[in-house]
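In the working numbering, the protein residues as written are 2 to 441.
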């Protein structure tokens, strides 16, 4: 008996093992719960994206540090991704995701206090903790795949991501409303969105804590464990080879997500400050960022179908091409043009969406089931660190050069996806032949 599952749950587990129909019922139930949590999580995530750079600019008095908030909460998300992945691997998705969202809520509260007291040390520390919400919001996409069939995986990821859109789009459009709400309590207006974030992350954690039972990851692990044990008893063949890890696929998926994260964070982070310099107000910034976030998540249902139908590598290449177009348009569009900025930031979000879903599907396909949650958490650490680097460098690049240079560099950087995909495909024929021989 797997020690992660109590004896009292043994009979229920056997029902899931014996019944593919019950597995699919739990798969659908899990998706509904994840969707609800992601709606709240998306609202919490949007606060830092929208006003984080402006808050740092206000408190530090320099554009050079505009990328620091993004770097800090992205760096914090790296550590949180590792922690959430470890907790999920050992205790299940419910424990890992709940802890991550609660930590994000605590970080948001810390940012509110820091803004009210003008305490930079507390601001920086709280931004790191706030990053837990960002990491958990992304890690939640894996929960829906635990009981999904291979042909359902990209679609499951997409359903999780598209649900984030509702909260993430509403968040930036509530900047002015939450700012006035904060001012009514004597707090700085820019602290307002973080009040929303604190409530949203806490509610997301409560949804998972209360409703995510039975835990889909622990169920899937126990099913795999029992089936493997049964196979070893009933056959002299080594069935464990069926689960051989595909390291090349993991590396490819990781690189796709890392590159798309760097490009997206670099350009997105400095866009609010770029807009402010060209006379745009908070309301216009909120519109552009909400459209950007909508493009990050809303196309997910279609993207998931395309990834399952057209292939992981095809959509990864499409990600690079879309990010290139985003960078070029952002670089060439006049700073006072709302239309140009909206198109550029929408394409930036769409390119990130293509890369995240295709990269995630590659990792789920390639990782060994017994260590899948841990592998997923480790990869998300790399993605978060990449985003932190992009966020930290973006402000420096703009100050020492320009937003145009930053956007153009980001677009060109996305072209690195092409040699990675070529490298991945170069050995695909051998992988397919090995897979066919294992199943023959």
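Glycine is no exception: its CB is placed at the ideal position from the N, C-alpha and C atoms.
- Taking a C-beta distance under 8 Å as the contact criterion, residue 136 and residue 94 do not qualify as a contact pair.
- Between the segment 268-288 and the segment 325-344, the count of Cβ pairs shorter than 8 Å is three or higher; the stretches touch.
- For residue 182, the enclosing alpha helix (DSSP H) begins and ends at 176-184.
- In the structure shown, residue 214 adopts coil according to DSSP, grouped into three states.
- Counting C-beta atoms within 10 angstroms of its own C-beta, residue 121 has fewer than 16 neighbours from the protein chains shown and is therefore classed as exposed.
- Shortest Cα-Cα distance from residue 291 to any of 153, 269, 106, 147 involves 269.
- By the criterion of a C-beta distance shorter than 7 Å, residue 367 is surrounded in its chain by 246, 247, 250, 251, 254, once the five residues flanking it on both sides are discounted.
- Fully enclosed alpha helix (DSSP H) runs of no fewer than 4 residues occupy 154-174, 176-184 of the segment 129-208, in order along the chain.
- For residue 119, the three-state secondary structure derived from DSSP is coil.
- DSSP places residue 300 outside both helix and strand once states are collapsed to three, so it counts as coil.
- Residue range 339-367 is occupied by the alpha helix (DSSP H) that includes residue 341.
- In this structure residue 17 touches residue 24 by the C-beta definition: roughly 6 Å separates them, less than 8 Å.
- When the beta-carbon positions are compared, residue 110 and residue 199 come within less than 8 Å of each other.
- Sixteen is the threshold: when 16 or more other Cβ atoms of the shown chains lie within 10 Å of the Cβ of residue 195, as they do, the residue is buried.
- Using a Cβ distance threshold of 8 Å, residue 170 and residue 38 do not count as a contacting pair.
- Nearest to residue 256 by C-alpha distance, out of 218, 277, 320, 213, is 320.
- From the listed residues 424, 264, 82, 205, the smallest Cα separation to residue 164 is found for 205.
- The beta carbon of residue 227 sits closer than 7 Å to the beta carbons of 18 from its chain, once the five residues preceding and following it are set aside; these are given in chain order.
- When 328, 336, 281, 202 are compared, the shortest CA-CA separation from residue 353 is found for 328.
- Within the segment 249-326, the runs of alpha helix (DSSP H) at least 4 residues long that lie entirely inside it are, in chain order, 283-298, 301-311.
- When DSSP states are grouped into helix, strand and coil, residue 109 belongs to the helix group.
- Note on geometry: alpha-carbon atoms of residue 351 and residue 168 lie some 17 Å from one another.
- Ranked by Cα distance from residue 132, the first of 69, 187, 159 is 69.
- Take residue 183, set aside five residues on each side of it, and the residues of its chain with a beta-carbon closer than 7 Å to its own are 189, 190, 192, 193, 196, in chain order.
- Following the DSSP letters along the chain, one finds residue 425 inside the alpha helix (DSSP H) bounded by residues 418-427.
- Counting along the chain, residue 374 sits inside the alpha helix (DSSP H) bounded by residues 373-401.
- In this structure, residue 130 lies near residue 107, with their beta-carbon atoms less than 8 Å apart.
- Taking the C-beta atoms as reference points, residue 303 is found no nearer than 8 Å to residue 362.
- Per the C-alpha coordinates, the member of 324, 410, 35 positioned closest to residue 297 is 324.
- Less than 8 Å separates the beta-carbon of residue 154 from that of residue 146.
- Less than 8 Å divides the Cβ of residue 314 from the Cβ of residue 425.
- Counting along the chain, the unbroken alpha helix (DSSP H) around residue 408 starts and ends at 404-414.
- Under the 8 Å Cβ criterion, the segment 69-87 counts as touching the segment 390-397, having at least three qualifying pairs.
- With fewer than 16 other Cβ atoms from the protein chains shown falling within 10 Å of its own Cβ, residue 423 counts as exposed.
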